[in-house]
Every structure is written in structure tokens, then in C-alpha cells.
Amino acid sequence: MRELPTLPAMPAPAAPAEGYTRREALVMGLFALAAAATTTGCAVDKLALDDFVAKHFKDLSPAELQDRLAQLEQRYTEQYGKQVTVSATPAQEGVLFGYALDLSRCIGCRKCVYGCVEENNQSRDPQTHWITVLEMDKEDGVNLQNANAYYDHETVPAPGKFYMPVACQHCENPPCTKVCPVAATWKEPDGIVVIDYDWCIGCRCCISACPYGARRFNWGTPSVPKDEFNPVTEYLGNRPRQRGVVEKCSFCIQRVRKGLYPKCVEVCPVGARKFGNLLDPESEIRYIIENKRVYILKEELNTQPKFFYYYGL
Amino acid sequence: MTVLRKFGNFVTGTGRMAFLGGNKLYYAWLTFLAVCIVQALFAYAHQYDRGLISTSMRDSVSWGFYIGNFTFLVGVAAAAVLLVVPAYVYDWKPIKEVVLFGELLAVAAIVMCLLFVLVDMGRPDRFWHLIPGIGHMNLPSSVMAWDSIVLNIYLAVNLTVASYLVYCAYYGIPYNKKFVVPLVIFSIPMAVSIHTVTAFLYNGMASRPYWNSAILAPRFIASAFCSGPALLLILFQILRKVSAFEIKDEAIHKVAELMAYAMGFNLFLFGAEVFKEYYSNTHHLVHYQYLFAGLHGTASPIALYAWMSLAFAVISFFLFLIPKTRRNFVTMNIGCVLIYASVYIEKGIALIIPGFTPDQLGQVYAYVPSATELRVAAGVFGVGFLLFTLMVKVSVSILFERPPAAGLAAGQAAHA
Chain A
9 MRELPTLPAM PAPAAPAEGY TRREALVMGL FALAAAATTT GCAVDKLALD DFVAKHFKDL
69 SPAELQDRLA QLEQRYTEQY GKQVTVSATP AQEGVLFGYA LDLSRCIGCR KCVYGCVEEN
129 NQSRDPQTHW ITVLEMDKED GVNLQNANAY YDHETVPAPG KFYMPVACQH CENPPCTKVC
189 PVAATWKEPD GIVVIDYDWC IGCRCCISAC PYGARRFNWG TPSVPKDEFN PVTEYLGNRP
249 RQRGVVEKCS FCIQRVRKGL YPKCVEVCPV GARKFGNLLD PESEIRYIIE NKRVYILKEE
309 LNTQPKFFYY YGL
Chain B
800 MTVLRKFGNF VTGTGRMAFL GGNKLYYAWL TFLAVCIVQA LFAYAHQYDR GLISTSMRDS
860 VSWGFYIGNF TFLVGVAAAA VLLVVPAYVY DWKPIKEVVL FGELLAVAAI VMCLLFVLVD
920 MGRPDRFWHL IPGIGHMNLP SSVMAWDSIV LNIYLAVNLT VASYLVYCAY YGIPYNKKFV
980 VPLVIFSIPM AVSIHTVTAF LYNGMASRPY WNSAILAPRF IASAFCSGPA LLLILFQILR
1040 KVSAFEIKDE AIHKVAELMA YAMGFNLFLF GAEVFKEYYS NTHHLVHYQY LFAGLHGTAS
1100 PIALYAWMSL AFAVISFFLF LIPKTRRNFV TMNIGCVLIY ASVYIEKGIA LIIPGFTPDQ
1160 LGQVYAYVPS ATELRVAAGV FGVGFLLFTL MVKVSVSILF ERPPAAGLAA GQAAHA
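Going line by line, the protein sequences match chains A and B. Its first residue numbered 9, the first sequence is counted upward by one per residue in my numbering. Its first residue numbered 800, the second sequence is counted upward by one per residue in my numbering.
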């Protein structure tokens, strides 16, 4: 290296033996940038690499799926300090899930919203809610242009108002799965629309395409406190999500495929929420559809929701 | 000389041309672009580190400034090549040069498009999921998947033709017409298709009444025919001043005349849309109300831009329609700037944001891009303009500044 003249007021340039030349510093800076880009911050770990090469859920062989589930269980168990299970329960034969919500009973208490958050490990900071409860005027009827999702009363229901909780409608003709460029979201045989968080590229086409505002994007890094984490998880459902991917209601896939009700049905204090198998003629959901006044949100779009609003009273 | 050595020689030679022998203004421009890019790298590093939460986009308005810019630039890329058609029909003298500069602009614009999509992705590390063969593309149903295919083919075609033409001129060898002409002809329907597919991306969503209109794709094409040529007209005038590039005044005025028709058609389509929304006065009108005024008694932050865009469009339409102002270079250049600004606002702001406001459940989130978004966007434009500048500089050096015996003469002989 050529000897540089030094000005008395300035520190002498570092000797190449112990310091860095400008070129070296530049190269190291680039490496640091590359390292920061491939990891979430600290170490260039195997986890990031495993996720990077993770296959599409439907492209996994049964053995590969088992490996991936075990890998994730181990990772989440370490991360949350409790035994976490990650299953990939298949759909049952002869089942098509349907949901009904009684608009005349709902009081807008948002118990379903927070029950869902806890059950499905939604991020607490920033806050993610899969269910949006809309407050509208009884006089006006269902008019979304006058709906308020941010009402904040001391007590509910407010006089003259009615409430309409909205989440994924699990359409038979879902516009969201159609637009996904990488097929990271699809309709399962039991009618549940699911998302593969390891395959989603975060382009948000599905959010644009959904007429119900049901899809949520992880704009920041989702976080759930260890003690509030629900360790019973499903691969296509409530397992921890990453930043930069889309999530939404899965009808509590981790519960309903094992014969349990979705959490929101369980926590609703007024019994406004009903759930069942649309293919079973004896089911409560079929009784409601056949005997009550049913309202389908944005019916004209031909999305064919399996979520039915009705007036029970 | 082996092909490989010849190619290496070409790369180093053009590299020298790109960076050496410019005037002070040229280096000042390069420095300015470099500054744009470097500051954007810092902004993007911040966004990558924290996630897209550092933008102003949220679930209500889930696409914003990045996707608006992407849409605008697809139009620029399409129109740049479509200028070949009038150049051929009206038999402008330097058709090869018009083709070449149009394709170079298309290449730079597509590179910017792809960068805007990349910076908008939640998981840019998973871009390989979109690569046919190793990824898992959702074909034929996803318009986004089709868009990524046509954009990449379009980039490849234009890059091939442009670099082949420059390569031949560099060595003073005649270019193979059987290779170039079919590709140029192929690139014309491709140009229409990239902008149509991009329009279909929005058009096909029944969830967003603002976009769910059959004249969206025609509007895209009409407005692109305004913005793309505006850039090229200014470029041609600069090149004519600083190099031996020759283009007749009549050709320039002809482009301006075509732009007047395109802008007239664009305004007509827009008027048709506005009539339908306001006269039928359904719930879908809310998006236009947000665009031009505001909702629920709150002024919309984009209304001023929407009116500006409309005013610029009308003024430039008349500037280009009236023969006297069209043939006056001062008023024509004012028209070019106004048209470019008008279409930029129309695509960048007035297309995307009102589509999301109010959202599907009627909620209003007043989106305004964050500093991070503006800085990253400045960097993407920096990359595109830098690329375009260097490519144009190389082409000008080869075509107009080298001794004709080595380059131009042979190429022209082959052309004639």
C-alpha cells in the first residue's frame, strides 16, 4: 500500500496489519449485509436454511412431512419452553364444514375475537385479529359503508345498533386461492381454505381478492408471550407464523378435524354461533339453513360462502 | 478470435464507453443517481429488518406506492416498444435507432417493475417459488403468475434484441435480419400483453368494484401511449443535440399528434367510467368520492393529486391537439412533462389507493406512503435511470461517435 500523507489534526490511517483497508471494510460490509439478509438477526442458523428450502405442503412426501413436523415441534418446543405438537390432520371423508351466525343474538362483545386470538396464537404485538366485528344501525340494515369496526362502548349492545362479526367465509368458490401466484392457499376437501405459511411469498394478491376483508398480513414480526402460547397446533392452522406471510381464520382446523367446535362457537356467551357438517341432513347447521331466514354476505359475487348469517329470533 | 474473447472484449469496451468520455453534466447525473441508490439501500435494509410495517400499508390498504409505480412502469415499458409501429408506418428515417432506444427504455422499465415487486414482497427470499420448474406456479388461474411470465419474457426479448444490435454495431458487422425482425415483431403483441395482463390483475377482482371494470385494460393501454412516448420525445431531443442522432422535426411532431389522440381516448374512457359511477350512484361510488373529495366529512389526502392529474391531462391534450402548440418545442415539452406527471399520478396514486379505500368492509384507512417507501422508490428509479443512461451512452458512442468505417457504415449497409 502506498504511504498516505497524514495531516497533524487527523488520526493516522490504520496500519494494514491491524486495521482494515477501505476495500476490506467494503467487502466485510457486504458480507454483513448478506448475512443480515439471510437471517433474522443473530446467527446464520440452520433454521433459516431449513425454511428457505422448505417445500410446498402438497409436494412433501409422507416421510418428508413427518420430518418437517418433528423439526418444527422441536423448534417451537425450545422457543416457547413447553411441549408443542404440530400435526397435519387430514380432512375426514363425508364432511363439509359450515358455519352459521345469528345476527339477532350477537351483542358485539368481541369475546369471539379474543377467544380466537388465544386459541390460534395470533400476534399480540402487533395485534392481529382474525374476526372483525362490525357495528351497524338497525335502521340502516346491513350497509357496510356505514359500518364501524372500531366501536368502543362501555357496554354492548349500544342502543339502535346491531353487530355483524366477519371472518373467513370459507367460500366454495374462493377468489383468494385463484389469484395466488404460487398456490400457497387452497380449499381442502372438507371445505376449509388453508394457507401454507412456508410457501406464501407475501405478495398480498389474496388480500386484494377477498371480498370479506378476512385475510391478515404479518406486517411486522408476530409475537405471542410464552405463557399464552397454545401448544396444540396444526401445520395449516395455528402454528406460529412468520413475518411477511398471510394468515386468516381456519375454522380452528386443529379442533374441528378432531371433532371439537371452533373456539369462537365455544366462547360466544349468547349462543349466536353454530357449526357443523353441511353433508349431514340431521345437523343443526342444516336445520338452520333450511328453516331460518338466511343472509349471505355479498351473495352477488358468487363466492358461495359456507358461512351463513341468519335471524334466529 | 474466439466468440468468448470477442464477447469479453465487447463487455470491457462498452464498459469503458459507459463510464469514460462524458461531460461534467453526465458525471453529475451519474452521481445523483448513485446517491439515490445508496440512500435507498439503507431504507430497504431498514424495511428488510423490520418488515413491511415500516411502510404505511396495512390490511385495509394492502398495496400502495410500490405497486402503483410498478403498474405505471409496465405502461412505460409497453409503450416504448409500441413506438416502433408509427416509426415503421410513417417511415421515419432512423427506424433502427428508434427501435433500439425504445427497447432500451423497455428493458430499464421492466427492471424497475421487477424491483418494485421485489421490494413489495413480504418474503423476497422466496422469489424462487415463482420460478417454473423449481417453484410451484398456480397456472392457469393466477393472473399474477401470468404477469411474472410475460414480464420476464418481454425483458428477455428486448434485452436480446437491444444487446445484439449494439454488439453487431460494435464490431461493424451486419446484423441478421432473420433473427432481429421476427423478435421485434413478436415484441409488439408482447408489449400489449404485458399491460393487458397487468390490468387484468386488478380488473379480475370482483372484491374491488373500483377496478372491476371492463374498460380498465383499454384505459391502461391508452394512458401508456401517453407516458412512454413522452419520455422518448424528450430523449430524442437530447440525443439530437448532443450526438449525431438525427430525427426529423416531422417525426417528433407526429409522435406528439399520436399522443394527443391517445390522451383524448384516455380522457374519453375516464369520462365513461365517471359517468357510469356517478349516474348509477350505487354503493360503488364511494371509491370515486374518496378519490376526488373524501368520505364521512374527512378530506382525502389524495384528492389534490387526483385533480392535478386530471388538469394536467386536459391541458396536455389541448397542447398536443392544437397544431401550433404541438409544433412549438417549448409548449410541446411542457406538454410532455404534464402528460408524464398526469399518468404517473393516475397509475401511481389514483389507481391503487382508491381501490382499497374504503376497504371490503367499508372501513377507511387514509394511506399516505411512508418515508421508507418514498426512499426505496427513489432508489428503484435510480437503478432504472442509471441502467438506461449507461445503455444509451454506450449505444450513442457506438452508433454515432466511432469512425463510420468501423461501426455505423457497415451496419447501415446491411440495413439498406
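Glycine is no exception: its CB is placed at the ideal position from the N, C-alpha and C atoms.
Between residue i and residue j, what straight-line distance do the alpha-carbon atoms span, to the nearest angstrom?
i, j, result
"A/Lys169", "A/Thr163", "12 Å"
"B/Phe806", "B/Met816", "15 Å"
"A/Asn310", "A/Phe105", "18 Å"
"B/Trp862", "B/Asn1132", "33 Å"
"B/Leu1015", "A/Gln100", "43 Å"
"B/Gly957", "B/Ser947", "For the record, residue 957 of chain B in the displayed sequence is Asn; it is not Gly. The alpha-carbon atoms of B/Asn957 and B/Ser947 are separated by roughly 16 Å."
"A/Pro313", "B/Met856", "28 Å"
"A/Cys120", "B/Arg922", "30 Å"
"B/Val1195", "B/Asn868", "28 Å"
"B/Leu1120", "B/Val1129", "15 Å"
"B/His1052", "B/Arg1125", "7 Å"
"B/Val1073", "B/Tyr1087", "8 Å"
"A/Ile293", "B/Tyr1060", "59 Å"
"B/Arg925", "B/Arg804", "36 Å"
"A/Ala191", "B/Met936", "6 Å"
"B/Ala879", "A/His178", "43 Å"
"B/Gly1096", "B/Ala990", "42 Å"
"B/Ile933", "B/Phe1111", "46 Å"
"A/Ala51", "B/Phe841", "Low confidence applies here, because A/Ala51 scores a pLDDT of 48, under 50, leaving its location unreliable; read the following figure in that light. Distance between the alpha carbons of A/Ala51 and B/Phe841 is about 21 Å."
"A/Gln262", "A/Leu80", "16 Å"
"A/Cys322", "A/Glu180", "No answer is possible for residue 322 of chain A: the residues shown for chain A start at 9 and end at 321."
"B/Ile1033", "A/Ser231", "51 Å"
So what does residue i bridge to, in DSSP terms?
i, result
"A/Trp194", "A/Val202"
"B/Tyr966", "None; B/Tyr966 has no bridge partner."
"B/Asn1132", "Looking at the DSSP assignment, B/Asn1132 forms no beta bridge with any residue, so it has no partner."
"A/Met144", "A/Phe170"
"A/Asp110", "A/Tyr318"
"A/Arg224", "A/Glu255"
"A/Gly123", "In the DSSP output, where bridge partners are listed per residue, A/Gly123 has none listed."
Check the Cβ of residue i against every Cβ in chain A and list those closer than 9 Å, keeping chain order.
i, result
"B/Pro939", "Simply none; closest approach about 10 Å."
List, in order along the chain, the chain B residues whose C-beta lies closer than 9 Å to that of residue i?
i, result
"A/His64", "His928, Gly934, His935"
"A/Ala217", "Gly1003, Met1004, Ala1005, Ser1006, Arg1007"
"A/Cys114", "In chain order: nothing, as chain B lies at least about 16 Å away."
"A/Cys208", "Gly921, Arg922, Arg925, His928"
"A/Pro183", "Gly1003, Met1004, Ala1005, Ser1006"
If we call anything under 8 Å between Cβ atoms a contact, is residue i one with residue j?
i, j, result
"A/Pro183", "A/Cys208", "no"
"B/Leu1189", "A/Thr140", "no"
"A/Ile296", "A/Ala108", "yes"
"A/Pro248", "A/Cys260", "no"
"B/Pro1153", "B/Leu1090", "yes"
"A/Pro189", "B/Leu917", "no"
"A/Glu143", "A/Asn246", "no"
"B/Ala1102", "B/Gly1093", "yes"
"B/Glu902", "B/Ala955", "no"
"A/Val94", "A/Thr193", "no"
"A/Val254", "A/Phe225", "yes"
"B/Gly1183", "B/Ala1023", "no"
"B/Val1142", "B/Phe871", "yes"
"B/Val983", "B/Val883", "yes"
In chain B, what lies closer than 7 Å to residue i by C-beta?
i, result
"A/Ala166", "Residues of chain B passing the Cβ test: none, with the nearest at roughly 18 Å."
"A/Pro189", "Leu929, Met936, Asn937, Ser941, Met943, Ala944, Ser947"
"A/Phe60", "Asp924"
"A/Gly221", "Asp1158, Gln1159, Leu1160"
Chain A partners of residue i, CB-CB under 7 Å?
i, result
"B/Gln1162", "Ala157"
"B/Trp862", "Arg212, Ser216"
"B/Asp890", "Within chain A, no residue comes near B/Asp890; the closest Cβ sits about 42 Å away, beyond 7 Å."
Which residues of chain B have a Cβ atom closer than 8 Å to the Cβ of residue i, listed in chain order?
i, result
"A/Gln153", "His1082, Val1085, Pro1157, Gly1161"
"A/Leu68", "Residues of chain B passing the Cβ test: none, with the nearest at roughly 12 Å."
"A/Leu109", "Going along chain B, no residue has its Cβ under 8 Å from A/Leu109, so there is no contact; the nearest lies around 15 Å."
"A/Arg251", "Gly850, Gly921"
"A/Pro233", "Result: empty, since nearest Cβ-Cβ is about 19 Å, beyond 8 Å."
Residue i versus chain A: which residues are under 8 Å apart at the beta carbon?
i, result
"B/Ile852", "Pro134, Trp227, Gly228"
"B/Arg1174", "Neighbours of B/Arg1174 on chain A: none; closest Cβ ~17 Å, over 8 Å."
Check your understanding: Which runs of the alpha helix (DSSP H) fall wholly inside the region 1042-1089 of chain B and span at least 4 residues, in chain order?
Key -> 1048-1079
Practice item. Output the residue ranges of the alpha helix (DSSP H) runs that lie fully inside the region 1150-1181 of chain B and measure 4 residues or longer, sorted by chain position. Key: 1151-1155
Check your understanding: Counting only runs that start and end within the region 860-887 of chain B, where is the alpha helix (DSSP H) found for 4 or more residues in a row?
Key -> Taking 4 residues as the minimum length, the alpha helix (DSSP H) runs contained wholly in the region 860-887 of chain B are 864-881, in order along the chain.
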